[in-house]
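> The sequence shown begins at 466 in our numbering and counts up by one.
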Amino acid sequence: MPVLRSIRERFARERPLDGVRVAACLQVTAETANMARTLLAGGAEAALCAANPLTTQDEVAAALVGEDHVPVLARRGEDVDTYARHVASLAEWGPGLTLDDGADLLVHIHERGGDVLEGCIGGVEETTTGLLRLRRLEADGRLACPVMAVNESRTERTFNDRYGTGQSALDGILRATNLLLAGRTLVLLGYGVTGKGIAQRARGAGAAVVVCEVDPLRALEARMDGFEVMPSLQAAEQGDLFVTVTGSRGVLRREHFERMKDGVVLANAGHFDVEIDLDALRQLASGPPREVLPLVEQYELDRRRLNLLARGRVVNLAAGEGHPAAAMDMSFANLALAVEHLLRHREELGPGVLAVPKEIDEEIARLKLESLGVEIDTLTPEQEEYLASWAGLARAAEPS
Ligand SMILES: NC(=O)c1ccc[n+]([C@@H]2O[C@H](COP(=O)([O-])OP(=O)(O)OC[C@H]3O[C@@H](n4cnc5c(N)ncnc54)[C@H](O)[C@@H]3O)[C@@H](O)[C@H]2O)c1
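(1) Helix, strand or coil: how does DSSP classify TYR628 here?
(2) Exposed or buried, what is ASP794 when buried is set at 16 or more other beta-carbons lying within 10 Å of its beta-carbon?
(3) Counting only runs that start and end within the stretch 578 to 629, where is the alpha helix (DSSP H) found for 4 or more residues in a row?
(4) For GLU756, list the residues DSSP reports as bridge partners.
(5) Per the DSSP calculation, PHE707 is bridged to which residue(s)?
(6) Among ILE829, VAL652, GLY735, LEU743, which has the Cα closest to the Cα of LEU698?
(7) Just verifying my parser: in three-state terms, what is the DSSP assignment at GLU786?
(8) Who pairs with ASP565 in a beta bridge, going by DSSP?
(9) Using DSSP with H/G/I as helix, E/B as strand and the rest coil, what is LEU685?
(10) Does DSSP put ALA539 in a helix, in a strand, or in coil?
(11) Just curious, the alpha helix (DSSP H) that GLU849 is in, first and last residue?
(12) Thinking LEU773 and PRO754 are a contact (beta carbons under 8 Å), I'd like their distance in whole angstroms, please.
(13) In three-state DSSP terms, what is VAL676?
(14) Looking at C-alpha atoms only, which residue of PHE737, VAL730, GLU813, LEU802 is the closest neighbour of ASN643?
(15) Alpha helix (DSSP H) containing ARG470: first to last residue?
(16) Need the endpoints of the alpha helix (DSSP H) that ASN499 sits in, please.
(17) Report the rounded CA-to-CA distance for VAL675 versus GLY657, giving the unit in angstroms.
(18) What do you reckon, is the C-beta of ASP423 under 6 Å from a heavy atom of ligand 1?
(19) Just to confirm, does ARG683 get its C-beta within under 6 Å of one of the non-hydrogen atoms of ligand 1?
(20) Answer with buried or exposed for LYS823, where buried requires no fewer than 16 other C-beta atoms within 10 angstroms of its C-beta.
(21) State whether the stretch 742 to 751 contacts the stretch 705 to 721, with contact taken as three or more CB pairs (one from each stretch) at a distance under 8 Å.
(22) Select from THR843, ALA684, ALA803, ALA853 the residue whose C-alpha is nearest the C-alpha of LEU482.
(23) What residues in its chain sit with their C-beta under 6 Å from that of THR520, if we drop five residues either side in the sequence?
(24) Suppose the cutoff is 7 Å on Cβ atoms and the five residues either side in sequence are ignored; what does the same chain contact list for ASP738 look like?
(25) So LEU749 and PHE722 are in contact, right, with Cβ under 8 Å, and what is the actual spacing, rounded?
(26) Measuring alpha carbon to alpha carbon, tell me which of ARG550, GLU557, ALA501, GLY660 ends up nearest ASP580.
(27) Assuming VAL537 contacts ALA495 under a Cβ cut-off of 8 Å, what Cβ separation, rounded to an integer in Å, is found between them?
(28) Can you find a CB in chain C that lies within less than 7 Å of the CB of GLY567?
(29) Which residue or residues does DSSP assign as beta-bridge partners of ILE841?
(30) Can the beta-carbon of VAL757 be found closer than 7 Å to that of ILE638?
(31) Can ASN517 be considered in contact with ligand 1, in the sense that its beta carbon sits closer than 6 Å to one or more heavy atoms?
(32) Give every residue of the same chain whose Cβ lies closer than 8 Å to the Cβ of ARG622, excluding the five residues on either side of it in the sequence, and list them in chain order.
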């Protein structure tokens, strides 16, 4: 993670986070440990809980506690009550800043209110679903602090969502099933930034990709990108593998299950386990599911078998190792610089969901290019002047 490393080295020199309590509700993985160490290098006190009960790497949690003395409230496979208790305990620690992947911590702090909310300088959110929740909080007039929308910076969007999830969602599916993608029909529900990455990589592996969308622009884009587009009920009859990545709920539901072929595989790459309607699947099934492979549950419906991966939880994390470190490098570089920005500008920033400044995005891209050994051009003074001018024809050329 060369970009984060260079930020960590600067943080160690400048100590911009001195004495601030930073609480992170993130996936507890090796990459997140690097992030925690960056916060410590900047002078912060850090503590963690998991943003997903199934994705914690216990050995990483243990190393953070044992070697770095960072409290970690997380254990792989913890039940939902334990998960909620951990989030609540982290809030009681009274963080000055929060880092979220899904907004559970900051939303809890708002629900709790009181001194903990008053002490919160701001938050940073790293996924689409979290931002949706925080924008609803803002629309209700209840968001009490600034939140940086790291998820929407260009370096995060491109690396984490398109390249990171594009590759790692398929990796999780393949690890769990060992399917040969070539020759299969993959039905992708949701052609957003994340879905596009999955579609591109699945096509690269030889799958025929069918896209289902509710947004006409995105549907058109999918068509123009060369994918077949159709309603999900029609696609339900054709697919061998279904991947939901919409941020919505009940995207695959009873009427879809009723039309599916024998042996299909169902996976979710969206944030919450609500995209595949699990209640409907259980109700339709003739009995409880059979675990045919680790993380593959088989439901039998009228002699057809539907294989659900990772209980409908986010497949790249629950069945794989999440994003490759190179993708998380960009995300966590954004988080680290967003935390620094929040602290540096705490007097000027009011409550609201805020964009990550363009300068931060550019700085991260510059550091990444540097780590790749790639050099680029810069504008000449004439070009800068030309681009900054509003004048008409005269600016284009001297008349000859
Ligand atoms: N697995 C990961 O590591 C990972 C990474 C990034 C984002 N996410 C999650 O993936 C989800 C999508 O994120 P995104 O950034 O691509 O969002 P996005 O808003 O860019 O795209 C979502 C797309 O789904 C479409 N959609 C909504 N409801 C639909 C439905 N019923 N049927 C078909 N299409 C539908 C929308 O029109 C939109 O085009 C979110 O939950 C996000 O948090 C997961």
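We put the CB at the ideal spot given by N, CA and C, even for glycine.
With the structure as the only source:
(1) Locating residue 628 in the sequence shown gives position 163, counting from the first residue. Reduced to three states, the DSSP call for TYR628 is helix.
(2) To locate residue 794, count along the sequence shown from 1; it is residue 329. Buried, since its Cβ has 16 or more Cβ neighbours within 10 Å.
(3) 579 to 583, 593 to 604
(4) Numbered from its first residue, the sequence shown carries residue 756 at position 291. GLU762, per the DSSP bridge assignment.
(5) Residue numbering aside, residue 707 sits at position 242 when the sequence shown is read from its first letter. VAL652, LEU731.
(6) In the sequence shown, residue 698 corresponds to position 233, counting from 1. Nearest C-alpha to LEU698: VAL652.
(7) Numbered from its first residue, the sequence shown carries residue 786 at position 321. Looking at GLU786 - three-state DSSP - the assignment turns out to be coil, as it is neither helix nor strand.
(8) Here residue 565 corresponds to residue number 100 of the sequence shown, with the count starting at 1. ASP565 is bridged to CYS490, GLU590.
(9) Residue 685 sits at position 220 when you count from the first residue of the sequence shown. Here LEU685 sits in helix by DSSP.
(10) In the sequence shown, residue 539 corresponds to position 74, counting from 1. Correct three-state label for ALA539: coil.
(11) For this step, residue 849 is matched to residue 384 along the sequence shown. Here the alpha helix (DSSP H) through GLU849 covers 846 to 853.
(12) Residue 773 sits at position 308 when you count from the first residue of the sequence shown. Residue 754 sits at position 289 when you count from the first residue of the sequence shown. Contact flag correct, Cβ pair sits at about 7 Å.
(13) In the sequence shown, residue 676 corresponds to position 211, counting from 1. Three-state result, VAL676: strand.
(14) Walking along the sequence shown from the start, residue 643 turns up at place 178. The candidate whose alpha carbon is nearest that of ASN643 is VAL730.
(15) In the sequence shown, residue 470 corresponds to position 5, counting from 1. Run containing ARG470: 467 to 479, per the alpha helix (DSSP H) assignment.
(16) Here residue 499 is taken as the residue at index 34 of the sequence shown, counted from 1. Here the alpha helix (DSSP H) through ASN499 covers 495 to 506.
(17) Counted from its first residue, the sequence shown places residue 675 at position 210. Counted from its first residue, the sequence shown places residue 657 at position 192. About 14 Å.
(18) With the chain covering 466 to 865 only, the question about residue 423 has no answer from this structure.
(19) One-based indexing of the sequence shown puts residue 683 at position 218. Under cutoff, so the answer is yes.
(20) On the sequence shown, residue 823 is found 358 positions in, with the first residue counted as 1. Exposed, since its Cβ has fewer than 16 Cβ neighbours within 10 Å.
(21) yes
(22) Your numbering for residue 482 matches position 17 in the sequence shown. Measuring from the Cα of LEU482, the nearest candidate turns out to be ALA803.
(23) On the sequence shown, residue 520 is found 55 positions in, with the first residue counted as 1. Answer for THR520: GLN492, LEU782, listed in chain order.
(24) Working through the sequence shown from its first residue, we reach residue 738 at position 273. These residues qualify, in order along the chain: ARG776, GLY777, ARG778.
(25) Against the sequence shown, residue 749 aligns to sequence position 284. Against the sequence shown, residue 722 aligns to sequence position 257. Contact flag correct, Cβ pair sits at about 6 Å.
(26) The residue given as residue 580 occupies position 115 in the sequence shown. The shortest Cα separation from ASP580 among ARG550, GLU557, ALA501, GLY660 belongs to GLU557.
(27) Here residue 537 is taken as the residue at index 72 of the sequence shown, counted from 1. Here residue 495 is taken as the residue at index 30 of the sequence shown, counted from 1. Not really, about 13 Å apart at Cβ, beyond 8 Å.
(28) Absence of chain C from the displayed structure is noted, only one protein chain being present.
(29) Looking up residue 841 in the sequence shown gives position 376. Paired residues: none, contrary to the question.
(30) Numbered from its first residue, the sequence shown carries residue 757 at position 292. Numbered from its first residue, the sequence shown carries residue 638 at position 173. Not in contact: VAL757 and ILE638 (Cβ atoms no closer than 7 Å).
(31) By 1-based counting over the sequence shown, the position of residue 517 is 52. ASN517: no, Cβ never under 6 Å from ligand 1.
(32) Within the sequence shown, residue 622 is the residue found at index 157, counting from 1. For ARG622, where only same-chain residues beyond five positions count, the Cβ hits under 8 Å are ASN616, VAL658.
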